[in-house]
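Going down the list, the sequences are from chains A and B.
Mapping of the first sequence onto my numbering: residues 1406 to 1889, in sequence order.
Mapping of the second sequence onto my numbering: residues 684 to 1723, in sequence order.
Worksheet for the structure shown next.
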Amino acid sequence: MKKYKIFAFISIICVLTACSESFLDKAPMGDVSDAAFWKTSADLESAVNGIYYVIRDRDARNIAQFWPFAANIPLNDMQTTSYGDVVDMANMKWNSTNLWLNCIWNAMYMGATRANVVISRGSKMDNIDATFKDIKIGEAKFLRGFYYLMLVRAYGDVPLLLEEQTDATILPTRTPKVDVLAQIVKDFTEAAAVLPASWNDANKGRATKGTAIGYLAIANLYQEDWDAAITNSEAIFDLNQYSLLTNQKDLYKWGNENTSESLFECQFRDATTDGHFMEYFLEPTIATAAMGCDPNGWGVLYPSNQFRAAFEPGDKRRWQILSKGETLELIGGITFTMDSTSATPNGLACAKYWVGRLPSNNSPDQNIILLKFSEVIMNYAEALANKSRFADAYAQINRIRNRSGLPNKATINEIEACIQDINKERRIENFWDENGWFDLTRTKQAKKFLLDTYGITMPDQNYLYPIPQTELNLNPNLTQNLGY
Amino acid sequence: MKRNLKVFLLLVFFITGTSGIFAQRTVTGKVIDTGRQPVADANVVVKGTSIGTITDADGMYTINVPSSTSIIVFSFIGYVTKEVGAGNNAVINVTLESETEVLGEVVVVGYGTQLKKELSGSVVSVKAADAIRSIPAVTMDQALLGHASGVQVIQNAIPGSMGTVRIRGVSTTGNNDPLWIIDGVPGSPGNLNPGDIESIDVLKDASAAAIYGSRAANGVIIVTSKRGISGKPKVQFDTYYGFQHVWKKMDMCNSAEFATLANRAYINSNLTPNPAWADPSSLPDYDWQDAVTRNGAIQNYNLNISGGTDKIRSALILNYNSTQGPIIVSNNQRYSVRLNTDYEVSKRLKFGTNLFFSSSSTRGIPINDGSTGILNQAIQMWPDQPVYSPDGSYNILLTSANGLYYPRNFANPVARVNLYKYQSFGQGFTGQFFGELELIKGLKFKSIIGINYGNGNGRNFTPFYQTTPANILNTTQSSLSWSMSTGKTYTTINTLTYSNIFGKHNITALVGTEAISGDGYFLNTSAQNTPNNLEVPSAAQTKIGDGNGYEFAYLSYFGRVNYIYNDKYILQVNLRADGTYKLDPSLRWGYFPSASIAWRISEENFMKSIPFINDLKIRGSYGASGNQNSIGYGRGLESATNYPFLSLYGSPYGGAYTLGTSQGSVSTMVQTAIATSVQWETQKMTDIGIDAALLNNSIKITADYYSKVTDGLLLAVPVPATFGAPAPQSYNSIYSGFSLTQNAGKVKNDGLEFSIEYNSKVGNFNYNIGANITTVKNTVISLGAGQPIDQQMYLTMQLFGNTYTQEGHSIGEFYGYVTDGIFQNQAEITSSPTQAGVVPGDRKYKDVSGPDGVPDGKIDANDRTFLGSPIPKFFYGFNLGASYKGFDFSMMLQGQYGNKIFNELKGQIYVLHNFNGIGVGNVAKEMLLSWNGEGTSNTLPRIAYNPNGDNYKGSDFYVEDGSYLRCRTLNLGYTLPSSLVNRANIGGVRIYLNTQNLFTITKYSGFDPEINNANPLTSGVDWGQYPVSRSYTLGLNLQF
């Protein structure tokens, strides 16, 4: 009997105490969790790819294809009669429930959060090649800076979140724009230090040193740190990676992707799984039917008459718009001529994104250019002008003009005029690209431009987007931008 | 050694006794129990000597008594030992009282048993003899139904499927299922054989349940299986056979009526009516409801062999059950084997095993689906079309060339249900091994090891078959899916119990640990285009495989102290600490205390003088329990999302980012939001109760007030987009917003429970009456961010209605428009709130509200309002039993009151035009009364082929009173006289006739008011579910 007792007491003590905490440590078997992830360099690379993906995430309504709206519709150079929220954008009737003004916010935070995860967890990986890791973390930092730059230029002060989110930090407050910009500059600088000057074919499309410095220079412009902007712009020239193509048109021609003029593009490859809709927006409806193709063009966007009038005689960039009787060369000698049947409300159409190919051939998968060398040059010019180096600034403007068959512009030693000349060139050069409106707001020219060109009075608050109403509803710590 | 000596001495005495060396007297007699049944194998010993014997099968004994002063001791397990002086009697007959009768009823509680009279918590018991054996219960829930106050059981008519069990209301928007404890180990009741069951005890309040901590918030149901009884083997054979059928038919149009309405619909829409229906009166009539329903056979065979010595006892139970559903083709077969064994090594050391194996196979049918359910489609079939063509093949239903008359998405339901195979197979093994050791007197150590294995296989096959000429349904190619799942759970429970009485102090203390872990996997193969329509996945042209797995672990420490002073004052304190794998390591431990007190007033001296009160106790309890089942609920059991604190990674919706020349580079992102602070839903429960036994124990009353508040309800709370992480899984979700699971909500349930039992007899006529009633008031107190939970209900892919779970209302209330009659003329339209596109004859809605909360003169989404709750105000059961000589009778009435049902079926049979496309289908006969000119109807809108869709918006038209009173069981039995059966060497024979759901009193217009829908957000929505049926069975209980 005594033996039983001893045995039993021992077993009780064992069972009451033996179970250790690790008994409860389980990991999901059907999903990839932290327990299985962050082990190999392939894990890290795929996580970085996931950050890039936001640029064209379908959940973000193909954000890259949306940016031309954000960067052009407020300028009114591209007109639309469809989409109420887009029309409101053009008419400067902005409010906090406009989906097109809101979706940048949502998508950029999605991207920034993914970058935070990679930076915090990827940095802790210690069993992979250190150089490889540094480059990947560099890409993540570049992307975080990029997403925050997009936020800052649209919304001003925004919550700056640099750590992986938990449910304890759901309701952030806004961080002053200067602080956000300082962080953006830090991220771009650290990225530029590790990113390669170019990538091999298998990795084309990733951010390079040039990409990081290109956006760094833009961030410097927002900081009004002209010296840094000049230094960084010159650093891009020194990389000897980038040059202007002979014809500006070639940058947009079908099949010309990731050219020497391009610093960053949103990559598309397979139209059936991840193509965009840019072409559909831009082609006139009847035109496609007339070409014997599917009448897929929606013809909902068309250049304004004012924009047509803005071209100087002999400007080769006039190809970007088609008016009645004008012809666009498509693929294999086929041409398309605007006629009365291909009418848009004012008879004009934008030729970008379908030049050099059959319209609506069901594969709108041309890369969308996010930053190009001609913009670097004009950003450099903007910085020079602000340092009163007007002759140098005009030299840069003329580089752009000369390429498209225009003569030199005479130097005007006056900041306002010089900036306006830069913006005039930008208006033609960057039509329906990704930055136009934001260059105009940064240089404080937007209000004057809209009044002079379109007779639209721009309310002062429209220098910034409104903070999305859904965010204000959910986060009492957020404040709305002044005037909304 | 001692034992051997005893046996030796006994032998010596026997030998010497029989050889007549001592002149002794022989005493004979019979030992019976209070039910006048003989007690076999009872020990009969002369006190202080080694003289002894045991009784035979008839309870007879013979013993030699040394002297008239000798005392004879009669004892048997489960009975109170009795001592009788021998005197000079030659015959001594003895009646043994069972321990239950003397000590009072014993109830099973968490990790032990307690005397009912000493309970301070709220526990309700159902004994096998009362409920389980007397009715043909196929699943465990049926054994509980109507017997226990506070326990709501909603039948599930799908053959072999468990119903829904809710204890004291619905306390969460997540999982509301109670915890089932089977022979001491958490388990699943799904495949249990009710014939195995000795008792079911339901722990309802915090005091009783909270010993199960974080799994106890929905109540605990403890199932105890039958054990062997010592004595020579007893064989009991129970069987029943019967039929079930759908007790109600929808009153649908016949061909002439249908054609008349259809013709009117086409004419009203300026379309040419179907020429085939030009002469409605000439059309033949076929009944499609009859074609898909049947008398389904139910049969059950249960064999229980039990016996043993006082040292080794065993019970073997074999069961086979076969149930054919009342809808054609659907059926379920189950067989099970149970072997429960007890070994008593010594008085202090006991071991035992419970082994249970079950296997089932089920043929399912498409059901519970608003658009493709077999019964739903059958009632909408064109009554002029036969099921079979003249050549005996299935009628390939007409699809007219222009598709205007016969819906293209309707197939012959009889063909579909026969040709499409939905089969599932399951096997489960449960083994429990336990040992108990009494270390010192009163101190017992018990250890249970439980093992649970389960396998499930699914085999679905859809052959290529033309059920419509246009091959619209997915029959253009064969498809099959085979799945396989396996899971296992290991449970280890160790308890140390000390129990002792010091004078007036009665103390029982318990400490213990419980560790549960397990894992599971599933594999799935789906294939398409098999050659020759064969069910051969390997030969298919396209094959896709998929799989998943999971692991889980729970660890618990618990303790309980029970103190009774002077048999009057009872105090119980429980504490449980639970750890779970589901939560962040820093938050995974939860602590759940509870306490209860009771005062047995009847033991006070001042009460002893009141003769009609036999027992009176008041009790109160308060405590906390949890509901960790809600963590990850609704996202697949034990799925990855059970880990809200872990980051999970996956591909972005839509694919991979393109880099270089490749089509896509592998892209990964954080897929789920990280909710590190998620914890258990915690429930605080108060219970105040009274138990009374009156009038010589003939009346027993229990009444309780309960109130439980579930706090930290797990909800998907919308979070700002700055949170960034949760990748939206659909195209539009970036606009509809992000959400994160958080402990944000608060729900209260409170109510009263009352039950009364009365037993009496008049001569040979015994009778008992029992009644119980439970009220439930369910209130959502908070939903975190305050936004209502909008559960959308779809009918043939169209949004048809909503339930809203909103603060101040109950969970899952119906939400929609309020009808206001029918527009009789243009003047009424002009003078009414604006409704787009209406013409006279269209439905009119009430202008309840505008965007600012005041009526705005137009009908839009702002006019939707609350239309009623699916939660009954009260539910009740009423039992009546009687026996006279060999006859016995029992009846149970059961029902609920004050709940509403959203009748989706009405959305199909009160509209002629097929919502989702073209053609018309049959409608309810009542549609003949539809609006057809001013003043003709104010409830049913005009009939048209392309009616105003707004006539069919989710509204109070579909919300119906769900109250019902039903005769759940009616049982008439006859036990053959023993004089008759003994001749055949049979112990006992009882035959009985049983009917279930004999009648139902309800205003509900659908098939049946019992809506078995486990999702609390849609619990009152009748999608056109498998209707509860009426059955008649003939049963036989044999005892050998």
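Here a beta-carbon is modelled for each residue, glycine too, at the ideal position from N, C-alpha and C.
Quick caveat, the model's predicted, so the values are computed rather than measured.
- The beta carbon of A/R1674 falls within 8 Å of a beta carbon belonging to chain B, placing the residue at that interface.
- Inclusion of B/N1078 and B/P1069 in the CB contact set at 8 Å is warranted, their separation being smaller than that value.
- By the Cβ rule, the stretch 1621-1641 of chain B counts as touching the stretch 1515-1525 of chain B, because three or more pairs are nearer than 8 Å.
- Boundaries of the alpha helix (DSSP H) harbouring A/I1618: 1614-1628, taken from the DSSP string.
- Inclusion of A/N1784 and A/A1617 in the CB contact set at 8 Å is not warranted, their separation being larger than that value.
- Using a Cβ-Cβ cut-off of 8 Å, A/M1530 does not count as an interface residue toward chain B, since no Cβ of chain B sits closer than that to its own.
- Contacts between A/F1442 and chain B, judged by CB atoms closer than 7 Å, involve Y1332 in chain order.
- Closest option to B/Y1441, judged by alpha-carbon separation, among B/G1453, B/Q919, B/N1449, B/D1433: B/G1453.
- By DSSP's assignment, B/V1400 forms a beta bridge with B/L1423.
- In terms of CA proximity to B/D866, B/D884 leads the group B/D884, B/T856, B/D1229, B/T855.
- For A/N1661, there are no neighbours in chain B by C-beta distance under 9 Å, as the nearest C-beta there is about 15 Å away.
- Counting the other CB atoms within 10 Å of its CB gives B/K1391 a total of 16 or more, which places it among the buried residues.
- Here the C-alpha atom of B/N1582 lies approximately 18 Å from the C-alpha atom of B/K1589.
- Taking each of A/F1836, A/T1578, A/N1521, A/L1845 in turn and checking the Cα distance to A/G1543, the smallest one comes out for A/N1521.
- By the Cβ rule, the stretch 1614-1632 of chain A counts as touching the stretch 1661-1674 of chain A, because three or more pairs are nearer than 8 Å.
- With fewer than 16 other Cβ atoms inside 10 Å of its own Cβ, B/S1662 counts as exposed.
- Per DSSP, B/G1656 lies in no alpha helix (DSSP H) segment; the continuous beta strand (DSSP E) that holds it begins and ends at 1647-1658.
- A direct Cα-Cα distance of roughly 7 Å separates B/T796 from B/V789.
- It is roughly 6 Å from the alpha-carbon of B/Y949 to the alpha-carbon of B/A1627.
- Fewer than three pairs of CB atoms, one per stretch, sit closer than 8 Å, so the stretch 1840-1856 of chain A makes no contact with the stretch 1701-1710 of chain A.
- By the neighbour-count criterion, in which a residue is buried when 16 or more other Cβ atoms sit within 10 angstroms of its Cβ, B/L1398 is buried.
- Taking C-beta separations shorter than 6 Å and ignoring five residues to either side along the sequence, the partners of B/F1561 in its chain run A1454, L1576, following chain order.
- Note that the C-beta distance between A/P1581 and B/L1331 is not below 8 Å.
- For the beta strand (DSSP E) assignment, the uninterrupted runs of no fewer than 3 residues enclosed by the stretch 984-1017 of chain B are, from N- to C-terminal side, 995-1007.
- When the five nearest sequence neighbours on each side are left out, the beta carbons in the same chain lying within less than 7 Å of the beta carbon of B/N1695 are those of I837, Q838, N839, G846, T847, Q1708, in order along the chain.
- If you check each beta-carbon in the stretch 1467-1490 of chain A against every beta-carbon of chain B, none falls closer than 8 Å.
- From the listed residues B/V763, B/D741, B/A740, B/V767, the smallest Cα separation to B/S753 is found for B/V767.
- If you check each beta-carbon in the stretch 1233-1263 of chain B against every beta-carbon of chain A, the ones closer than 8 Å belong to Y1233, E1234, F1235, A1236, Y1237, L1238, Y1240, G1262, T1263.
- DSSP places B/S1239 in no alpha helix (DSSP H) but in the uninterrupted beta strand (DSSP E) bounded by 1225-1248.
- Separation of A/T1816 and A/I1833 (C-alpha to C-alpha, rounded to the nearest whole angstrom) is 19 Å.
- Among the CB atoms of chain A, one or more fall inside 8 Å of the CB of B/Y1340.
- Closer than 9 Å at the C-beta level to chain B, one finds no residue of the stretch 1616-1647 of chain A.
- Not a single C-beta of chain B is nearer than 8 Å to the C-beta of A/Q1588.
- Taking a 10 Å sphere around the C-beta of B/F1241, we find 16 or more other C-beta atoms and assign the residue as buried.
- Using beta-carbon distances, A/W1505 does not count as an interface residue toward chain B, since no partner is under 8 Å.
- Residues of chain A with a Cβ closer than 9 Å to the Cβ of B/R1099 do not exist, since the nearest Cβ in that chain sits about 33 Å away.
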